[in-house]
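Engineer: Using my numbering, the first residue of the sequence shown is number 17, and each one after it goes up by one.
Before I ask anything, let me first share the structure, which is written out below as structure tokens.
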Amino acid sequence: MKSGYKWTMQFHAKRALSFVLLCLVAIPAAPAQESQHQTAALRLLTRREGLTIVRAALHSGHHEADCSHLVHGLFERAGFPYDYAPSSELYAGIDEFRRVVNPQPGDLAVWRGHAGIVVNPARHSFFSMLSSGPGVDSWNSPYWIQRGRPRFFRYLKRDPRGAVPGSMRTSMRTSMRTTNLKQ
Numbered sequence: 017m018k019s020g021y022k023w024t025m026q027f028h029a030k031r032a033l034s035f036v037l038l039c040l041v042a043i044p045a046a047p048a049q050e051s052q053h054q055t056a057a058l059r060l061l062t063r064r065e066g067l068t069i070v071r072a073a074l075h076s077g078h079h080e081a082d083c084s085h086l087v088h089g090l091f092e093r094a095g096f097p098y099d100y101a102p103s104s105e106l107y108a109g110i111d112e113f114r115r116v117v118n119p120q121p122g123d124l125a126v127w128r129g130h131a132g133i134v135v136n137p138a139r140h141s142f143f144s145m146l147s148s149g150p151g152v153d154s155w156n157s158p159y160w161i162q163r164g165r166p167r168f169f170r171y172l173k174r175d176p177r178g179a180v181p182g183s184m185r186t187s188m189r190t191s192m193r194t195t196n197l198k199q
């Protein structure tokens with residue numbers, strides 16, 4: 017009797033261990049899938065969309081008083097809104113932009129204390145509020161070189177298909193179930 021009991025306990029213990037191991041393997045997979053859904057809802061601007069921002073900059077008649085307000089207003093006018101951030105926050109990085117190594121037209125060019133919009137990366141030109149007013153300059157000119165290398169950031173655009181992040185889908189399903197139960 018004892019050997020049968022021992023065998024049963026070993027069987028259940030192995031089964032429980034298998035279940036725990038299976039859970040440990042499955043748990044890390046769930047957040048990875050969720051993050052895929054969250055990143056699928058955002059994408060970096062294309063070169064064509066970046067040129068829309070450059071056109072807004074070069075053809076805009078009125079300009080704000082400082083560089084960060086100027087950049088913010090131009091992105092808004094081009095249809096790429098974000099909450100206003102001063103150049104120091106832009107330099108550190110904000111959620112609506114991702115840092116890039118190879119800039120394209122329409123990317124942010126940001127130094128400590130200054131921000132502009134990349135016009136032509138091959139010519140190292142950017143549009144910003146300069147000492148003479150709004151204009152285009154080269155980040156390779158002596159003045160900008162002494163300020164250090166700029167950081168470049170590209171705007172993150174919401175997916176027009178309206179992909180919903182996984183965590184939002186889960187709460188939407190839960191909400192719908194709760195509503196259906198109440199009816």
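We treat Cβ as the ideally placed atom computed from N, Cα and C, and that holds for glycine.
Remember, predicted model here, so these are calculated numbers, not experimental data.
Quick one: residues in its chain with C-beta nearer than 8 Å to the C-beta of Lys173, no 5 flanking neighbours on either side, listed in chain order?
Structural biologist: Closer than 8 Å at the Cβ level, and outside the excluded window around Lys173, lie Leu58, Arg59, Leu60, Leu61, Glu65, Phe96.
Engineer: Buried or exposed for Tyr159, please, with buried defined as at least 16 other CB atoms from any protein chain shown within 10 angstroms of its CB.
Structural biologist: The residue in question, Tyr159, is exposed, as its Cβ has fewer than 16 Cβ neighbours within 10 Å.
Engineer: For Ala16 and Asp82, I'd like the C-alpha separation in whole angstroms.
Structural biologist: Outside the shown range of the chain, which is 17 to 199, sits residue 16, and nothing can be said about it.
Engineer: Is the beta carbon of Pro121 sitting closer than 8 Å to the one on Val70?
Structural biologist: Cβ atoms of Pro121 and Val70: closer than 8 Å.
Engineer: Helix or strand or just coil, what does DSSP make of Val117?
Structural biologist: Coil, per DSSP.
Engineer: Go ahead and label Arg115 buried or exposed: buried means 16 or more other beta carbons lie within 10 angstroms of its beta carbon, across all protein chains shown.
Structural biologist: With fewer than 16 other Cβ atoms within 10 Å, it is exposed.
Engineer: Which of the three DSSP states, helix, strand or coil, is assigned to Ala125?
Structural biologist: The answer is strand: DSSP assigns Ala125 an E or B state.
Engineer: Between which two residues does the alpha helix (DSSP H) holding Leu67 run?
Structural biologist: Run containing Leu67: 63 to 74, per the alpha helix (DSSP H) assignment.
Engineer: How would you label Ala108, buried or exposed, when you count the other beta carbons within 10 angstroms and need 16 or more for buried?
Structural biologist: So Ala108 ends up on the exposed side.
Engineer: Locate the beta strand (DSSP E) running through Arg139, then write down its first and last residues.
Structural biologist: That residue, Arg139, is in no beta strand (DSSP E); it is neither H nor E in DSSP.
Engineer: Tell me the rounded alpha-carbon separation between Glu92 and Ile161.
Structural biologist: Going from the Cα of Glu92 to the Cα of Ile161 covers about 29 Å.
Engineer: Using only the alpha-carbon positions, how far apart do Pro102 and Gly164 sit?
Structural biologist: Spanning the two alpha carbons is a distance of roughly 18 Å.
Engineer: In this structure, does DSSP put Phe96 in helix, strand or coil?
Structural biologist: Here Phe96 sits in coil by DSSP.
Engineer: What number of angstroms, rounded off, separates the C-alpha of Ser104 from the C-alpha of Ser141?
Structural biologist: Cα to Cα, Ser104 sits roughly 21 Å from Ser141.
Engineer: Could you pull the start and end residues of the beta strand (DSSP E) that Ser154 belongs to?
Structural biologist: Ser154 -> beta strand (DSSP E) spans 149 to 154.
Engineer: Under a Cβ-count criterion, where at least 16 other Cβ atoms within 10 Å of its own Cβ denotes burial, should Arg128 be classed as buried or exposed?
Structural biologist: Arg128 comes out exposed.
Engineer: Skipping 5 residues on each side, what residues in its chain have a beta carbon closer than 7 Å to that of Leu74?
Structural biologist: Only Phe143 meet the Cβ criterion.
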